[in-house]
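Q: Handing you a structure now.
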Amino acid sequence: KAAFDRIIKDIKRISFPKDFQSTKQYLKAKYFDNSKDALIRNLTNGLITGLLKGDVSKEGNELKVTNTLLVIAEEFPVIFENQLAQKLPKILGAVDDEQLWHFLFLLSSNQNVWYLLDKPSKIRFNEFLKSSSNTPNELLNKYSLVKSLKIPELNEIVEEQKLLVNSEVQKAITLFGESRSYHTAFKNGKELILPLIPNFTSDNVKFFINAILNNQNNQIIPASGSQQIMEAVYDDTINMSEETKEHWLKLMEQLVLYDEGFKSLIDKIKTNYKIEAEINE
């Protein structure tokens, strides 16, 4: 119990590592290399319960708890799977529907957990994902987790959510593109675009750039703060840069007309597409 309490206290500290590899090295060196099975069983149960009931989310520790569970799953697979097979259905059965979003957090990080559920739990979660279409704002916030699911039984639902989220993203970009003043352009970019960037596809990026270029009376590019919005989209969708190259270069042709206002973004585009010499000429 003393070791259990020390680990929980450790996880709650700001100084506890936040990425998986660092978490693994830390826990192995400090606790797990000489731990007893009872500690691992109790820790697995305690962390799963706290995660699914939402206790740890209140303190912003979801990621640290999830990483700790991933380390346990990797280092003690038999204990981890046995404990989840025994305890997880009961814990899930006791939580309210809105708390199933916490289960999604765990499932997206370790999809083998799905195969440790009993049939009633699978049916319930399946229905929960379907019903999430009725709460689009919540779905948009969690969609990065939903789209990572590669579970055959959930494929149809994930595809449906993909279409719904894409529709919401397109609506937001359309409203952004219709901004009729500098103030509205920045406000729409900050409130509509920034929160949705994690859900952007390459087609969304292209649509976003076209919305800027086609804005009536050119109210977006000169707006204060536009650099921030555009650069955030560029940085967070860099993995799609090849599919969206033509559009970014087309946008850059307009940005270079604004002196130093877009220097940071222009430099990134130049460097990424290796066109420094061409632009300088």
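Under the working numbering, the letters of the sequence shown match residues 11 to 291, in that order.
Just so you know, even glycine gets a beta-carbon here, dropped at the ideal spot from N, CA and C.
(1) Check whether the Cβ atoms of Lys254 and Ser212 sit closer than 7 Å, and answer yes or no.
(2) Quick check on this structure: which residue in Ser251, Pro205, Ser234, Glu178 has the alpha carbon closest to the alpha carbon of Gly219?
(3) Could you give the distance in angstroms between the alpha-carbon of Tyr41 and the alpha-carbon of Asn151?
(4) Is Ile231 helix, strand or coil by DSSP?
(5) Using the Cα positions of Lys46 and Phe86, report the straight-line distance between them to the nearest angstrom.
(6) Excluding the 5 residues flanking Tyr153 on each side, which residues of the same chain have their C-beta closer than 6 Å to its C-beta?
(7) Check whether the Cβ atoms of Lys11 and Asn55 lie closer than 7 Å to each other.
(8) Quick one: any contact between the segment 128 to 135 and the segment 178 to 185, if contact means 3 or more CB pairs under 8 Å?
(9) For Leu110, I'd like the list of residues in its chain whose CB is within less than 7 Å of its CB, leaving aside the five on either flank, ordered along the chain.
(10) Going by DSSP in three states, Arg190 sits in which element: helix, strand or coil?
(11) Exposed or buried, Gln229, counting other C-beta atoms within 10 Å across all chains shown (16 or more means buried)?
(12) What do you get for Thr145, buried or exposed, if any count of 16 or more other CB atoms within 10 angstroms of its CB means buried?
(13) Three or more C-beta pairs closer than 8 Å, one from the segment 19 to 35 and one from the segment 66 to 74: is that the case here?
(14) If you compare alpha carbons, which of Asp15, Lys157, Ile161, Leu202 is closest to Val179?
(15) I'd like the span of the alpha helix (DSSP H) that includes Phe30, first residue to last.
A: So, from the listed chains and residues:
(1) Sequence check: residue 254 is Thr here, not Lys. Result yes, Cβ atoms of Thr254 and Ser212 sit closer than 7 Å.
(2) Position check: residue 219 holds Ile in this sequence, whereas Gly was assumed. Ile219 has its Cα closest to that of Ser251, out of Ser251, Pro205, Ser234, Glu178.
(3) 34 Å
(4) coil
(5) 11 Å
(6) Val175, Asn209
(7) no
(8) no
(9) Phe135, Phe138
(10) coil
(11) buried
(12) exposed
(13) yes
(14) Leu202
(15) 30 to 40
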